[in-house]
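Accompanying notes for the structure given below.
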Amino acid sequence: MIQKDHKWSRRKFLKTAGIAGVGSLLAPVKQLCAASDEPETIPTRPFGKTGEQVSILSLGGMFETGSNQLMLRQAINRGVTYWDTANSYGRGRSEKGIGKYFAKYPQDRKKIFLVTKSGAWSIKGMKRELNESLERMQTDYIDLFFVHGISSISEMDEDTKAWAEEAKAAGKIRFFGFSTHSNMEGCLLEGAKLGWIDGIMMTYNYRLMHSADMRRAVDACVKAGIGLTAMKTQGGGQVRTDSETELKLAGRFLEKGFTDAQAKLKAVWQNPQISSICSQMPNMTLLMSNVAAALEKTQLSARDSELMQLYAKETRAAYCTGCTAICESCVSGEAPIGDVMRYLMYCNSYDDYALAADGFKTISPKVRKRLTRLDYSKAERNCPQGLPIAKLIQEATRKFRI
Ligand code: SF4
331 MIQKDHKWSR RKFLKTAGIA GVGSLLAPVK QLCAASDEPE TIPTRPFGKT
381 GEQVSILSLG GMFETGSNQL MLRQAINRGV TYWDTANSYG RGRSEKGIGK
431 YFAKYPQDRK KIFLVTKSGA WSIKGMKREL NESLERMQTD YIDLFFVHGI
481 SSISEMDEDT KAWAEEAKAA GKIRFFGFST HSNMEGCLLE GAKLGWIDGI
531 MMTYNYRLMH SADMRRAVDA CVKAGIGLTA MKTQGGGQVR TDSETELKLA
581 GRFLEKGFTD AQAKLKAVWQ NPQISSICSQ MPNMTLLMSN VAAALEKTQL
631 SARDSELMQL YAKETRAAYC TGCTAICESC VSGEAPIGDV MRYLMYCNSY
681 DDYALAADGF KTISPKVRKR LTRLDYSKAE RNCPQGLPIA KLIQEATRKF
731 RI
């Protein structure tokens with residue numbers, strides 16, 4: 331039933347969400363919407379030196395956008411106007427769904443800061459994928475075009491720079507950059523020196539943001555005028571432990587009216603150097619929960635942050651920080667350890683088996699077959715998170731039936 335009380339506050343909304351759990355979020359959302367004809371929209375932040383203002387929450391498009399057009403409509407209504415997709419998401423279905431939306435609501439295209447990515451790894455392939463993206467999304471231009479998931483800055487060479495300049499001159503892209511979930515700190519630091527990178531999307535969360543290397547890397551990008559988008563901000567999702575810290579944390583956030591997930595978003599937004607958080611929001615409940623967190627202005631306290639860091643430390647063996655330069659060089663033979671750990675996270679923490687299995691299958695069959703025969707003992711000794719790499723590789727090959 332729709333609540334008629336127009337004094338319903340955002341704080342109360344969050345309190346309800348926190349105490350009653352995610353399943354009960356939709357009722358208060360209706361109440362929030364009913365309080366005014368024009369729903370309140372989320373804040374924006376400048377995106378580096380591009381001159382663009384982007385919504386602090388970005389809609390991650392790794393879901394069936396074609397059959398979830400209402401999600402896209404609602405996102406715009408709430409001011410979530412930064413949309414992120416990739417040529418590879420759903421093998422093109424994500425982009426097609428966005429194209430379907432723009433075909434129906436062409437006037438909305440100019441409201442959206444549209445990002446897509448290419449993982450083609452060649453100039454010819456990137457050119458082809460950009461044209462495919464434009465066609466699928468029924469648009470003449472991409473606002474920000476990323477090279478997808480680099481793990482070393484050497485992948486951003488002079489040919490890439492020349493191609494980006496050409497695509498900009500042709501009006502097909504407005505800005506250019508890369509995304510990274512491996513060796514992020516190094517990629518950011520080196521990317522800041524290039525002078526032709528407009529934006530970067532990187533894995534960044536309460537587990538990673540406090541290290542000296544990450545702070546230095548983020549500072550360098552901000553100084554270079556690069557817009558930064560954080561992804562994987564949930565830090566691998568919930569880790570089910572019975573630690574005292576976890577219990578304390580859960581209790582604290584409930585008291586304040588946050589869910590754990592909302593608190594983790596807030597931890598990232600509290601750094602004004604981050605322009606936006608890209609979040610996979612495949613359903614309305616999650617969209618509205620994230621929107622509520624973006625609207626609510628209560629800051630996390632120093633003690634909250636301290637407890638989150640303690641929790642990160644206590645559960646570190648359950649989270650891969652993507653520092654693949656450390657472990658992958660310890661194995662004789664090709665072993666994409668960071669990728670395998672990420673696919674396991676999609677499966678175990680996001681509950682998205684299809685996405686995980688699809689990702690795992692992008693590893694060449696030859697490499698996949700040899701994965702369990704390699705010796706990971708040196709990699710395990712050097713892993714700063716203390717991950718049982720060999721065991722996890724076994725788990726992945728078993729789960730994804732290879
Ligand atoms: S397995 Fe360990 S060393 Fe390898 S990327 Fe993950 S955290 Fe880093």
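For the sequence shown, this note's numbering gives the first residue as 331, with consecutive numbering after it.
C-beta: ideal position from N, C-alpha, C; glycine also.
In DSSP terms, what residue i is bridged to
i: residue 388; result: 412, 608
i: residue 443; result: 412
i: residue 477; result: 448, 508
i: residue 383; result: 376
i: residue 472; result: 503
Residue i classed as buried or exposed, judged by whether at least 16 other C-beta atoms fall within 10 angstroms
i: residue 712; result: exposed
i: residue 577; result: exposed
i: residue 574; result: exposed
i: residue 709; result: buried
i: residue 387; result: buried
i: residue 540; result: exposed
i: residue 721; result: exposed
i: residue 537; result: buried
i: residue 613; result: exposed
i: residue 547; result: buried
i: residue 382; result: buried
i: residue 564; result: buried
i: residue 466; result: buried
i: residue 581; result: exposed
i: residue 669; result: buried
i: residue 606; result: buried
i: residue 351; result: Unreliable placement is indicated for residue 351, whose pLDDT of 39 sits below 50; the coordinate value is still reported in the next sentence. Residue 351 should be labelled exposed.
i: residue 566; result: buried
i: residue 515; result: buried
i: residue 585; result: exposed
i: residue 358; result: For residue 358, the predicted structure reports a pLDDT of 42, less than 50, and the residue's modelled location is therefore unreliable. The matter cannot be settled from this model.
i: residue 437; result: exposed
i: residue 361; result: Note that residue 361 scores a pLDDT of 43, beneath 50, so its modelled location is shaky; the value from the coordinates is reported in the next line. With 16 or more other Cβ atoms within 10 Å, it is buried.
i: residue 403; result: exposed
i: residue 734; result: No answer is possible for residue 734: it lies beyond the span of the chain, which begins at 331 and ends at 732.
i: residue 413; result: buried
i: residue 797; result: The structure shown does not extend to residue 797, since the chain is modelled only from 331 to 732, so the question has no answer here.
i: residue 525; result: exposed
i: residue 337; result: The predicted position of residue 337 is uncertain, since its pLDDT is 34 and thus under 50; no value can be drawn from it.
i: residue 594; result: buried
Reference residue i, options the options, closest by Cα
i: residue 484; options: 520, 476, 681; result: 520
i: residue 371; options: 392, 400, 406; result: 406
i: residue 652; options: 557, 639, 610, 674; result: 674
i: residue 604; options: 488, 555, 698; result: 555
i: residue 501; options: 558, 719, 531, 460; result: 460
i: residue 716; options: 624, 657, 503; result: 657
i: residue 416; options: 400, 427, 616; result: 427
i: residue 662; options: 443, 704, 729; result: 704
i: residue 640; options: 397, 403, 579, 560; result: 579
i: residue 561; options: 596, 511, 600, 602; result: 511
i: residue 688; options: 729, 390, 457, 707; result: 729
i: residue 408; options: 491, 623, 458; result: 623
i: residue 648; options: 479, 719, 410; result: 719
i: residue 527; options: 533, 601, 498; result: 498
i: residue 552; options: 410, 534, 529, 619; result: 529
Contact test: residue i Cβ vs ligand 1 heavy atom, cutoff 7 Å
i: residue 650; result: yes
i: residue 714; result: yes
i: residue 640; result: no
i: residue 539; result: no
i: residue 671; result: yes
i: residue 693; result: no
i: residue 717; result: yes
i: residue 677; result: no
i: residue 479; result: no
i: residue 654; result: yes
i: residue 723; result: no
i: residue 668; result: yes
i: residue 657; result: yes
4 or more residues per run - each alpha helix (DSSP H) lying fully within the stretch 513-595
514-524, 542-553, 574-586
Completely contained beta strand (DSSP E) runs for the stretch 687-715, where each covers 3 or more residues:
Entirely contained in the stretch 687-715, not one beta strand (DSSP E) run reaches 3 residues.
Kindly provide the ranges of any alpha helix (DSSP H) runs that are 4 or more residues long and lie completely inside the stretch 595-665, ordered along the chain.
614-625, 632-644, 654-657
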